[in-house]
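Quick notes on the structure that follows.
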Amino acid sequence: MLAVFLLGAGLSLARNGALTTRTASLALLSGLFGLVVFQFTVGNVWGYAVEYYNAGGRWTDLPFLVPFVAAGLAGAVVALRFESLAAGAWTAFWTFVVVAGLVAITAWMAVGYRDVAE
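Numbering (our numbering), first residue to last: 326 to 443.
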């Protein structure tokens with residue numbers, strides 16, 4: 326996490342040029358914001374992986390991998406199309422969230438219907 330903070334602060338300082346109280350404060354806020362975004366993103370992905378595994382799934386199952394593949398493809402397309410890494414990352418994150426939700430609903434419905442049929 327220290328590396329993420331330092332990267333965010335360092336990039337902010339590199340963009341702003343001269344070191345002043347204002348640029349140092351902005352770099353501190355940028356580093357902290359980057360850290361919060363990193364923790365939120367990694368926390369959600371890790372939570373998704375752990376919950377899937379705890380429910381009896383394997384990390385090589387297609388339903389588990391679909392959100393990662395969709396997010397990676399969508400993020401890459403947007404990043405290349407608009408030449409913006411931030412837009413690509415934002416797209417990848419929200420694609421992951423939406424596709425993971427759709428996969429969860431689909432799996433829940435399939436299991437529910439299978440249980441009712443038995």
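Just so you know, even glycine gets a beta-carbon here, dropped at the ideal spot from N, CA and C.
Just so you know, these numbers come straight off a predicted model, no measurement behind them.
Asked                                                                                                                                                     : Found
I need the boundaries of the alpha helix (DSSP H) containing E376, first residue and last residue.                                                        : 346-379
Return yes when the Cβ of A425 is within less than 7 Å of the Cβ of P388, no when it is not.                                                              : no
Using C-beta distances below 6 Å, list every residue in its chain close to A412, excluding the 5 sequence neighbours before and after it, in chain order. : V403
Could you round the C-beta distance between L360 and V329 to whole angstroms and report it? I think they count as a contact, below 8 Å.                   : 5 Å
Under the assumption that G356 contacts G333 (Cβ atoms under 8 Å), give the Cβ distance between them as a whole number of angstroms.                      : 4 Å
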